[in-house]
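Keeping their order, the protein sequence lines are chains A and B. If you read the first sequence in the UniProt record's numbering, its first letter stands for residue 1, the second for the next number, and so on. If you read the second sequence in the UniProt record's numbering, its first letter stands for residue 1, the second for the next number, and so on. Ideal Cβ placement from N, Cα and C applies to all residues, glycine included. This structure is a prediction, so every number in the text was calculated from the model and none was measured. Below: the structure, in structure tokens.
Number of protein chains: 2
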Amino acid sequence: MKEKIEFWFDFGSTYSYPAVMRIPMLARRHEIEFVYKPFLLGSIFKKQGWNTSPFLLNLSKGKYMWRDLERICAEEEISFNKPSAFPRNGLLASRIVCSFENENWIDPFIRSVFRENFANDQDISSSLVIAQILRELNLQPDEIFLKAELLETKEKLKLQTERAFDCGIFGAPTFRIGNELFWGNDRLESAIKWSNKV
Amino acid sequence: MKEKIEFWFDFGSTYSYPAVMRIPMLARRHEIEFVYKPFLLGSIFKKQGWNTSPFLLNLSKGKYMWRDLERICAEEEISFNKPSAFPRNGLLASRIVCSFENENWIDPFIRSVFRENFANDQDISSSLVIAQILRELNLQPDEIFLKAELLETKEKLKLQTERAFDCGIFGAPTFRIGNELFWGNDRLESAIKWSNKV
């Protein structure tokens, strides 16, 4: 029995986008289960003394990242358009995942949110955009928002972010198998290989 | 005719190690020429406001990097032992490469310096260690040191570092083909693929 791979991500994280889009095909091909673990990357950056994304703090690195992401998405045939705002706040979407993680619509919901941000340039921090995504999945946004905004949901996401930090996670996406970490979309295949070994 | 790949590196850079060890085999297999471009990564970090390696500034990132490097070297069957000091100063070795870049012993010299640092835990900032490497290549260290310490060599390395920065290079290793950059050991194959396209 293969070990599950935890997929730690932030909805605003650029390299989480190709990773999340590649997961379904790779999960099927390798018969591996992925467990989605949203966390607040901004909180972890703050602990590192950064008040925003390193891609904004370092202009060369930011410029490189967008070009690299464009190349990766072209190579993987993933639709991509550079968002007009970066990083976008995935707080509401992350709370929804924390609150409904066992629902079968969570996987398509996650992918829709990423697609709206990185392919359709929609502001995923807006509840209107998230409501539209939920309606397209035949869900009632109002009920979902109510549960997502409960104190216990907010606490759950905070604790999950603390846990990410305690596990040594410093960026997104990070794949975790036992105590082994693999950071970056480019380590997805290494993580799968590792989960086959353990 | 395939375009040459510039390989921008710093002798203290951890991920430059597996990259430099993998280059000869890949260069032969794909019939691609690599041009070695040492530069001073520390100077570029300073422009970013960092006084040392990001792997020391961010403990989680540092811890991850050593584990990741260990896994990569094991996978690629590259001898690796975590150096007892990091980052080691590659100034003298970089000046030697700048000064003698067209000599046929430069390729094995570069690989020996990396091996001493990352496999044999030798202090490559020491002229004694570099002298020993040169002697093993049947060279006279004294003559080489003289030329490496000339003002024009020092200037050449400084200019090369400025050029790295101007090209948008922010880390090592970076592969460059025309204006296209590929950052990281894990992008070596992408760089080769790109050089086949252009």
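Reference B/W194; option with closest CA among A/P38, A/E75 and A/R22: For the purposes of this step, residue 194 of chain B is identified with residue 194 of the second sequence, where counting begins at 1. Of the candidates A/P38, A/E75 and A/R22, the one whose C-alpha sits nearest the C-alpha of B/W194 is A/E75.
For A/N58, go through chain B and note every residue whose CB falls closer than 8 Å to its CB, in chain order. As a working note, residue 58 of chain A is residue 58 in the first sequence. Q48 and F170, listed in chain order.
Using the Cα positions of A/E136 and B/P83, report the straight-line distance between them to the nearest angstrom. Translated into positions along the first sequence, residue 136 of chain A becomes position 136. Translated into positions along the second sequence, residue 83 of chain B becomes position 83. Going from the Cα of A/E136 to the Cα of B/P83 covers about 54 Å.
First and last residue of the uninterrupted beta strand (DSSP E) at B/R37: In the second sequence, the residue the question calls residue 37 of chain B occupies position 37. Residue 37 of chain B is actually Lys in this sequence, not Arg. That run of the beta strand (DSSP E) goes F34 to P38.
Which residue's Cα is closest to the Cα of A/S99: A/G12, A/L146 and A/R163? Mapped onto the first sequence, residue 99 of chain A falls at position 99. The residue with the shortest Cα to Cα distance from A/S99 is A/L146.
Can you confirm whether the region 15-24 of chain A touches the region 169-184 of chain A when touching is taken to mean that 3 or more C-beta pairs between the two stretches lie within less than 8 Å? Result yes; three or more Cβ-Cβ pairs closer than 8 Å.
Between A/I78, A/I5 and A/F45, which has its C-alpha nearest B/N58's C-alpha? Here residue 58 of chain B corresponds to residue number 58 of the second sequence, with the count starting at 1. With distances taken between CA atoms, B/N58 lies nearest to A/F45 out of A/I78, A/I5 and A/F45.
If you scan the region 150-174 of chain B from start to end, which runs of the alpha helix (DSSP H) of 4 or more residues do you find wholly inside it? Counting only runs of 4 or more residues that sit fully inside the region 150-174 of chain B, the alpha helix (DSSP H) segments are 151-166, in chain order.
When the Cα atoms are used, what is the spatial distance from B/E143 to B/L159? The count along the second sequence starts at 1 and reaches residue 143 of chain B at position 143. The count along the second sequence starts at 1 and reaches residue 159 of chain B at position 159. Taking the CA atoms as reference points, B/E143 sits about 23 Å from B/L159.
Residue environment, A/M25, which counts as buried when at least 16 other CB atoms sit within 10 Å: Position 25 of the first sequence, counting from 1, holds the residue named residue 25 of chain A. A residue is called buried once 16 or more other Cβ atoms fall within 10 Å of its Cβ, and A/M25, having fewer, is exposed.
is_contact[B/D10, chain A] using C-beta, thresh 8 Å: Against the second sequence, residue 10 of chain B aligns to sequence position 10. B/D10 does not count as touching chain A.
Quick one, which of B/L92, B/A27, B/I110 and B/F7 has its alpha-carbon nearest B/L151's? Stepping through the second sequence from its first residue, residue 151 of chain B is reached at position 151. Nearest option by C-alpha distance: B/L92.
Assuming B/L56 and B/D10 are in contact, meaning their beta carbons sit under 8 Å apart, how far apart are those beta carbons, in whole angstroms? For the purposes of this step, residue 56 of chain B is identified with residue 56 of the second sequence, where counting begins at 1. For the purposes of this step, residue 10 of chain B is identified with residue 10 of the second sequence, where counting begins at 1. B/L56 to B/D10, Cβ: 15 Å. No contact.
To which residues does DSSP link A/R176 through a beta bridge? For the purposes of this step, residue 176 of chain A is taken as residue 176 along the first sequence, with counting starting at 1. Answer is A/E6 and A/L181.
Contact criterion: CB-CB distance below 8 Å. Does B/Y64 meet it with respect to chain A? Start at 1 with the first residue of the second sequence, and residue 64 of chain B comes out as number 64. With 8 Å as the cut-off, B/Y64 counts as an interface residue toward chain A.
Under DSSP, the alpha helix (DSSP H) around A/A85 begins and ends at which residues? Working through the first sequence from its first residue, we reach residue 85 of chain A at position 85. For A/A85, there is no enclosing alpha helix (DSSP H), as DSSP gives it neither H nor E.
So, under 8 Å CB-CB, A/K181 and A/S94 are touching, yes? Tell me the CB distance rounded to an integer number of Å. Within the first sequence, numbered from 1, the residue matching residue 181 of chain A stands at position 181. Within the first sequence, numbered from 1, the residue matching residue 94 of chain A stands at position 94. Strictly speaking, residue 181 of chain A in this sequence is Leu, with Lys absent from that position. About 20 Å separates the two Cβ atoms, so there is no contact after all.
Give me the chain A residues within the contact set of B/L181, using Cβ-Cβ distance strictly less than 7 Å, ordered along the chain. Residue 181 of chain B sits at position 181 when you count from the first residue of the second sequence. The contacting residues are Y64.
Complete runs of the alpha helix (DSSP H) confined to the region 105-159 of chain A [at least 4 residues]: Entirely contained in the region 105-159 of chain A, the alpha helix (DSSP H) runs reaching 4 residues are, in chain order, 106-118, 127-136 and 141-148.
Counting only C-beta atoms, is A/K61 closer than 8 Å to chain B at any point? On the first sequence, position 61 is the one that residue 61 of chain A refers to. Closer than 8 Å: yes.
Enumerate in chain order the residues of its own chain whose CB-to-CB distance from A/I72 is below 6 Å, with the five nearest sequence positions on each side excluded. Residue 72 of chain A sits at position 72 when you count from the first residue of the first sequence. For A/I72, where only same-chain residues beyond five positions count, the Cβ hits under 6 Å are P18.
Would you mind giving the Cβ-Cβ distance between B/A119 and B/N81, rounded to the nearest angstrom? I have them listed as a contact below 8 Å. Taking the second sequence and counting its residues from 1, one reaches residue 119 of chain B at position 119. Taking the second sequence and counting its residues from 1, one reaches residue 81 of chain B at position 81. Contact holds; Cβ gap of about 6 Å.
Starting from B/G12, trace the alpha helix (DSSP H) both ways and give me its first and last residue. Translated into positions along the second sequence, residue 12 of chain B becomes position 12. Per DSSP, B/G12 is not a residue of any alpha helix (DSSP H), being assigned neither H nor E.
Alpha carbon to alpha carbon, what distance is there between A/S190 and A/E28? Counting from 1 along the first sequence, the entry for residue 28 of chain A is found at position 28. Counting from 1 along the first sequence, the entry for residue 190 of chain A is found at position 190. Sequence check: residue 28 of chain A is Arg here, not Glu. Put simply, the backbone Cα of A/R28 is about 16 Å away from that of A/S190.
Taking DSSP as the reference, what is the three-state secondary structure of A/E77? One-based indexing of the first sequence puts residue 77 of chain A at position 77. Here A/E77 sits in coil by DSSP.
Distance CB(B/Y36)-CB(B/I106) smaller than 8 Å: The count along the second sequence starts at 1 and reaches residue 36 of chain B at position 36. The count along the second sequence starts at 1 and reaches residue 106 of chain B at position 106. At a Cβ-Cβ threshold of 8 Å, B/Y36 and B/I106 count as neighbours.
Would A/R111 and A/M21 qualify as a contact pair, given that the criterion is a beta-carbon distance under 8 Å? Taking the first residue of the first sequence as position 1, residue 111 of chain A is located at position 111. Taking the first residue of the first sequence as position 1, residue 21 of chain A is located at position 21. A contact, by the Cβ cut-off of 8 Å.
Between A/D123 and chain B, is any beta-carbon pair separated by less than 8 Å? Walking along the first sequence from the start, residue 123 of chain A turns up at place 123. False, the Cβ-Cβ gap to chain B never drops below 8 Å.
Interface flag, B/D142 vs chain A, CB-CB below 8 Å: As a first step, residue 142 of chain B must be located in the second sequence, where it is residue number 142. Interface with chain A (8 Å Cβ-Cβ cutoff): B/D142 is excluded.
Between B/V198, B/E3 and B/D68, which has its C-alpha nearest A/R187's C-alpha? Looking up residue 187 of chain A in the first sequence gives position 187. Across the set B/V198, B/E3 and B/D68, the C-alpha of B/D68 shows the shortest separation from the C-alpha of A/R187.
Simplified DSSP assignment, three categories, for A/F45: Indexing the first sequence from 1 puts residue 45 of chain A at position 45. When DSSP states are grouped into helix, strand and coil, A/F45 belongs to the helix group.
Counting along the chain, where does the alpha helix (DSSP H) carrying B/F55 start and finish? Locating residue 55 of chain B in the second sequence gives position 55, where the first residue counts as 1. Looking at the DSSP string, the run of the alpha helix (DSSP H) that includes B/F55 is P54 to L57.
With DSSP collapsed to three states, give me the class of A/N196. Counting from one through the first sequence, the residue named residue 196 of chain A turns up at place 196. Secondary structure at A/N196: helix, using DSSP grouped into helix, strand and coil.
Roughly how many angstroms lie between the CA atoms of B/S60 and A/G168, to the nearest whole one? Translated into the one-based positions of the second sequence, residue 60 of chain B becomes position 60. Translated into the one-based positions of the first sequence, residue 168 of chain A becomes position 168. Approximately 5 Å, taken between the alpha carbons.
When DSSP labels each residue in this structure, what does B/E101 get in the three-state scheme? As a position in the second sequence, residue 101 of chain B is number 101, starting the count at 1. DSSP, reduced to helix, strand and coil, places B/E101 outside both helices and strands of the structure shown, so it counts as coil.
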